[in-house]
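First to last, the sequence lines map onto chains R and W. Take 3 as the starting number for the first sequence in the working numbering and just add one per residue. Take 130 as the starting number for the second sequence in the working numbering and just add one per residue.
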Amino acid sequence: MNDRNRKLKPFVPQPDDDLIVCRCEEITKGEIRRAVHDGMFTLTEIRRYLRTGMGLCQGQTCTKLVKGIVARELGVRPDILEPSTGRAPMRPIAMEVLAKDREEKAT
Amino acid sequence: MNAEVIIVGGGIIGCAAAYHLAKNGVSVLLLESSENIGDGGSTRNGGGVRQSGRDPRELPLIMYAIQNIWPKLSDMLDTNVEYCQHGNLRLGSTPQHKAILEGLTSRAAACGLDVRMISGDEARQLNPYLSEEVSCASWCPTDGHANPLMATMGYYKMARRLGAHIISGEKVVELRKIKGAVRQAVTVSGNVYEGDTIILAAGYESRFIASTVGIDIPMQPVLLETLVTEAVAPMFWQMLGTADADFYGHQTEHGSFVFGLNSGLEPYAKPGKPLSTSIAASAACRGIMRYFPSLSKIKVVRSWAGWMDSCADHVPVISKVEEVPGLILACGFTGHGFGIAPAVGLVLSQLAMGQETAVDLSALRYDRFQ
Chain R
3 MNDRNRKLKP
13 FVPQPDDDLI
23 VCRCEEITKG
33 EIRRAVHDGM
43 FTLTEIRRYL
53 RTGMGLCQGQ
63 TCTKLVKGIV
73 ARELGVRPDI
83 LEPSTGRAPM
93 RPIAMEVLAK
103 DREEKAT
Chain W
130 MNAEVIIVGG
140 GIIGCAAAYH
150 LAKNGVSVLL
160 LESSENIGDG
170 GSTRNGGGVR
180 QSGRDPRELP
190 LIMYAIQNIW
200 PKLSDMLDTN
210 VEYCQHGNLR
220 LGSTPQHKAI
230 LEGLTSRAAA
240 CGLDVRMISG
250 DEARQLNPYL
260 SEEVSCASWC
270 PTDGHANPLM
280 ATMGYYKMAR
290 RLGAHIISGE
300 KVVELRKIKG
310 AVRQAVTVSG
320 NVYEGDTIIL
330 AAGYESRFIA
340 STVGIDIPMQ
350 PVLLETLVTE
360 AVAPMFWQML
370 GTADADFYGH
380 QTEHGSFVFG
390 LNSGLEPYAK
400 PGKPLSTSIA
410 ASAACRGIMR
420 YFPSLSKIKV
430 VRSWAGWMDS
440 CADHVPVISK
450 VEEVPGLILA
460 CGFTGHGFGI
470 APAVGLVLSQ
480 LAMGQETAVD
490 LSALRYDRFQ
């Protein structure tokens with residue numbers, strides 16, 4: 003049970019808020035911290051709201067960093083935050099390659 | 130009592146209703162079963178905000194939303210919902226496709242919608258990336274698309290900011306009546322919440338919850354799959370569909386393309402967690418490349434799946450329930466609830482406050498399945 007109206011510590015600007023955390027989508031630490039205060043309490047919600055981890059690397063770089071920032075903002079241990087669902091394909095794949103999942107019949 | 134209105138379901142419908150109620154000073158408690166707000170179709174759909182191709186019973190809702198809410202939604206929610214109104218092209222390449230499109234077009238035009246048939250060449254003038262395969266299309270200039278993630282989280286954010294009480298991870302399993310009217314929502318954890326009115330907007334799960342007060346809505350869960358590509362420079366802004374409905378989609382403000390897929394096996398998907406199949410994305414890529422050869426090199430980054438609550442007659446139930454005073458149903462959206470969600474949230478708040486609704490809902494009553 004996750005009460006979305008529970009009080010968080012007030013948002014205090016930090017000197018490194020303009021640090022880019024998700025490099026693919028260029029999302030900063032400050033944007034992530036703001037999103038928590040706007041009610042995004044889970045890593046999935048952060049991802050849907052900010053696009054962190056939704057770029058070309060699919061979060062392979064920033065997932066742990068985002069988790070740490072969100073946990074600190076919520077005042078909880080990082081390991082209680084559920085990871086977002088991994089999505090196929092594992093690597094970006096061109097449509098013309100993905101389309102060839104079967105042999106074309108000779109016409 | 131916990132709140133004047135209890136909303137079961139934290140998707141875009143529930144969050145939009147919570148937003149309008151909270152804005153009108155009504156106390157609201159919203160209960161979401163999963164850990165995440167908008168975990169069902171709300172954040173898994175293709176983002177269409179279209180009138181063309183709609184059932185006439187649903188048209189008044191979408192026309193109201195497009196005329197009155199979508200253009201100002203980003204300001205309303207202090208969130209860029211990426212609403213883009215550049216028309217909808219529904220594409221065809223065979224005489225059968227043309228017949229399907231003509232049927233859809235004439236039915237919608239009879240309801241007062243500006244939608245018409247155009248030739249393949251006219252379609253290519255609107256969208257120069259279309260291949261020569263396309264021989265006909267329907268064109269609705271007032272259709273468009275938006276970002277479902279931002280719209281859903283935006284309604285949630287503003288509802289919360291306006292004072293709506295929102296709890297996730299609190300799964301309602303039963304409704305209870307007191308003195309003949311529904312008043313209590315009981316959760317799987319054993320908590321009991323009480324209110325004067327209960328809005329049930331829990332997707333397919335609504336069927337099980339409504340059955341605890343003797344109401345059954347004929348719907349079934351059907352899988353839908355979607356993919357997103359890497360971001361590329363802007364190419365076109367129209368919403369796309371096909372006569373066969375084998376894919377639909379658009380390019381987003383971000384630059385990526387979002388495409389909804391259709392392999393034909395969706396009604397037979399494995400129950401449980403919604404899983405992408407190994408065939409749907411590949412099949413859709415073949416369809417997309419046939420109409421848009423220039424997208425063949427673009428990379429698919431991610432795919433996902435979700436359940437829709439497919440109603441027996443393919444339009445939702447948005448209705449008070451006479452036998453169960455205090456209960457308002459909003460379910461059975463059948464995979465096209467996103468575009469109408471802003472209007473649905475508004476009319477649900479009006480039903481809960483006992484006001485006249487902005488749109489006539491008589492075609493969407495719960496007791497029409499007889």
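All C-beta atoms, glycine included, are put in the ideal place defined by N, C-alpha and C.
When you compare the CB of V302/W with every CB in chain R, is at least one pair closer than 7 angstroms? As a first step, residue 302/W must be located in the second sequence, where it is residue number 173. No - not a single Cβ of chain R is within 7 angstroms of the one on V302/W.
How about Y377/W and G389/W: are their beta carbons less than 7 angstroms apart? Along the second sequence, read from residue 1 onward, the residue named residue 377/W stands at position 248. Along the second sequence, read from residue 1 onward, the residue named residue 389/W stands at position 260. Yes.
Beta-carbon contacts of N320/W that lie in its chain and below 8 angstroms, excluding the five residues immediately before and after: Start at 1 with the first residue of the second sequence, and residue 320/W comes out as number 191. Answer for N320/W: E299, listed in chain order.
Compare the C-beta of T44/R with all C-beta atoms of chain W and state if any pair is closer than 7 angstroms. Translated into the one-based positions of the first sequence, residue 44/R becomes position 42. With 7 angstroms as the cut-off, T44/R counts as an interface residue toward chain W.
Would you list, in sequence order, the uninterrupted alpha helix (DSSP H) runs of no fewer than 4 residues that lie entirely inside the region 409-450 of chain W? 409-420
Check each candidate in L159/W, K152/W, G182/W and name the one with the smallest Cα separation from A374/W. On the second sequence, residue 374/W is found 245 positions in, with the first residue counted as 1. Ranking the options by Cα distance to A374/W, first place goes to G182/W.
Beta strand (DSSP E) containing R219/W: first to last residue? Within the second sequence, numbered from 1, the residue matching residue 219/W stands at position 90. Taken as a continuous stretch (DSSP letters only), the beta strand (DSSP E) holding R219/W covers 217-221.
Which residues in the same chain have their Cβ closer than 6 angstroms to the Cβ of G221/W, if we skip the five residues on either side of it in sequence? Here residue 221/W is taken as the residue at index 92 of the second sequence, counted from 1. Excluding sequence neighbours, G221/W sits near K227, L230, C265, A372.
Kindly list, in the order they appear in chain R, the residues whose Cβ is closer than 7 angstroms to that of L424/W. Stepping through the second sequence from its first residue, residue 424/W is reached at position 295. In chain order: M97.
Please confirm whether R89/R has its beta-carbon closer than 7 angstroms to some beta-carbon of chain W. Your numbering for residue 89/R matches position 87 in the first sequence. Yes, because at least one Cβ of chain W sits closer than 7 angstroms to the Cβ of R89/R.
What are the complete beta strand (DSSP E) segments, minimum 3 residues, inside the region 15-97 of chain R? 22-24
Pair every Cβ in the region 433-442 of chain W with every Cβ in the region 456-463 of chain W, then say whether three or more of these pairs are closer than 8 angstroms. yes
Between Y333/W and P347/W, is the Cβ-Cβ spacing less than 7 angstroms? For this step, residue 333/W is matched to residue 204 along the second sequence. For this step, residue 347/W is matched to residue 218 along the second sequence. Cβ atoms of Y333/W and P347/W: not closer than 7 angstroms.
Please report the Cβ distance between S405/W and S432/W, rounded to the nearest whole angstrom; I am assuming they are in contact, meaning their Cβ atoms lie under 8 angstroms. Within the second sequence, the letter at position 276 stands for residue 405/W. Within the second sequence, the letter at position 303 stands for residue 432/W. Contact holds; Cβ gap of about 5 angstroms.
Alpha carbon to alpha carbon, how far is Y322/W from R74/R? Translated into positions along the second sequence, residue 322/W becomes position 193. Translated into positions along the first sequence, residue 74/R becomes position 72. Rounded to whole angstroms, Y322/W to R74/R spans 31 angstroms at the Cα level.
Keeping to the same chain, check which residues put their C-beta closer than 6 angstroms to that of A132/W; ignore five residues upstream and five downstream. Counted from its first residue, the second sequence places residue 132/W at position 3. Taken in chain order, the residues that qualify are S156, V157, L158, G324.
In three-state DSSP terms, what is K308/W? Sequence index remark: in the second sequence, residue 308/W carries index 179 (1-based). Note: K308/W maps to coil in three-state DSSP.
Compute the Euclidean distance between the alpha carbons of C213/W and D250/W, then round it to the nearest angstrom. The residue given as residue 213/W occupies position 84 in the second sequence. The residue given as residue 250/W occupies position 121 in the second sequence. Approximately 24 angstroms, taken between the alpha carbons.
Output yes or no for whether 7 angstroms exceeds the beta carbon distance between C240/W and P277/W. Position 111 of the second sequence, counted from the first residue, corresponds to residue 240/W. Position 148 of the second sequence, counted from the first residue, corresponds to residue 277/W. Not in contact: C240/W and P277/W (Cβ atoms no closer than 7 angstroms).
Is there a Cβ of chain R sitting closer than 7 angstroms to that of G436/W, yes or no? Within the second sequence, numbered from 1, the residue matching residue 436/W stands at position 307. According to the sequence displayed, residue 436/W carries Trp and not Gly. By this cut-off, W436/W is not an interface position.
List, in order along the chain, the chain W residues whose C-beta lies closer than 8 angstroms to that of P94/R? Within the first sequence, residue 94/R is the residue found at index 92, counting from 1. In chain order: E359, K428, V429, V430.
Rounded to the nearest angstrom, what separates D103/R and A413/W at their Cα positions? Taking the first sequence and counting its residues from 1, one reaches residue 103/R at position 101. Taking the second sequence and counting its residues from 1, one reaches residue 413/W at position 284. If I take the Cα positions, the gap works out to 11 angstroms.
What residues in its chain sit with their C-beta under 8 angstroms from that of V178/W, if we drop five residues either side in the sequence? To locate residue 178/W, count along the second sequence from 1; it is residue 49. Excluding sequence neighbours, V178/W sits near I191, A194, I195, W199, Y212, Q214, D272, G273, H274, A275, M368, F467, G468.
Please return the same chain residues whose Cβ sits closer than 8 angstroms to the Cβ of W436/W, not counting the five positions on each side in sequence. Reading the second sequence from its first residue, position 307 is the one you call residue 436/W. Taken in chain order, the residues that qualify are G169, G170, G332, Y333, P350, V351, L352, L353, P403.
Going by C-alpha distance, which of R50/R, F13/R, D19/R, F43/R is nearest R79/R? The residue given as residue 79/R occupies position 77 in the first sequence. Ranking R50/R, F13/R, D19/R, F43/R by Cα distance to R79/R puts F43/R first.
Beta-carbon proximity of A238/W to G474/W, cut-off 7 angstroms: For the purposes of this step, residue 238/W is identified with residue 109 of the second sequence, where counting begins at 1. For the purposes of this step, residue 474/W is identified with residue 345 of the second sequence, where counting begins at 1. No. Outside cutoff.
Taking all protein chains shown into account, do 16 or more other C-beta atoms lie within 10 angstroms of the C-beta of D40/R, making it buried, or fewer, making it exposed? Residue mapping note: residue 40/R aligns to position 38 of the first sequence, counting from 1. So D40/R counts as buried.
Does the contact criterion of 3 or more C-beta pairs under 8 angstroms hold for the region 480-494 of chain W versus the region 203-212 of chain W? no
Just tell me which of I29/R, R53/R, G77/R has its CA closest to the CA of D19/R. Position 17 of the first sequence, counted from the first residue, corresponds to residue 19/R. For D19/R, the nearest C-alpha among the options comes from I29/R.
Please list, in chain order, the chain W residues whose beta carbon lies closer than 8 angstroms to that of E75/R. By one-based count along the first sequence, residue 75/R stands at place 73. Simply none; closest approach about 15 angstroms.
Short check: CB of P94/R to CB of K428/W, under 7 angstroms? Along the first sequence, read from residue 1 onward, the residue named residue 94/R stands at position 92. Along the second sequence, read from residue 1 onward, the residue named residue 428/W stands at position 299. In this structure, K428/W lies closer than 7 angstroms to P94/R by Cβ.
Any beta-carbon of chain R closer than 7 angstroms to the one on K286/W? Taking the first residue of the second sequence as 1, we reach residue 286/W at position 157. Taking Cβ atoms only, chain R reaches closer than 7 angstroms to K286/W, which makes this a yes.
Any C-beta of chain R sitting closer than 7 angstroms to the C-beta of R186/W? Position 57 of the second sequence holds residue 186/W. No, because no Cβ of chain R sits closer than 7 angstroms to the Cβ of R186/W.
Is the shortest distance between the beta-carbon of L83/R and the beta-carbons of chain W less than 7 angstroms? Sequence index remark: in the first sequence, residue 83/R carries index 81 (1-based). Cβ-Cβ to chain W under 7 angstroms: no for L83/R.
Look up Y500/W in the DSSP assignment and give the residues it is bridged to. Because chain W in this structure spans residues 130 to 499, residue 500/W falls outside the shown range and cannot be described.
Closest residue to H383/W among L52/R, P17/R, E98/R, F13/R (Cα-Cα distance): In the second sequence, the residue the question calls residue 383/W occupies position 254. The shortest Cα separation from H383/W among L52/R, P17/R, E98/R, F13/R belongs to L52/R.
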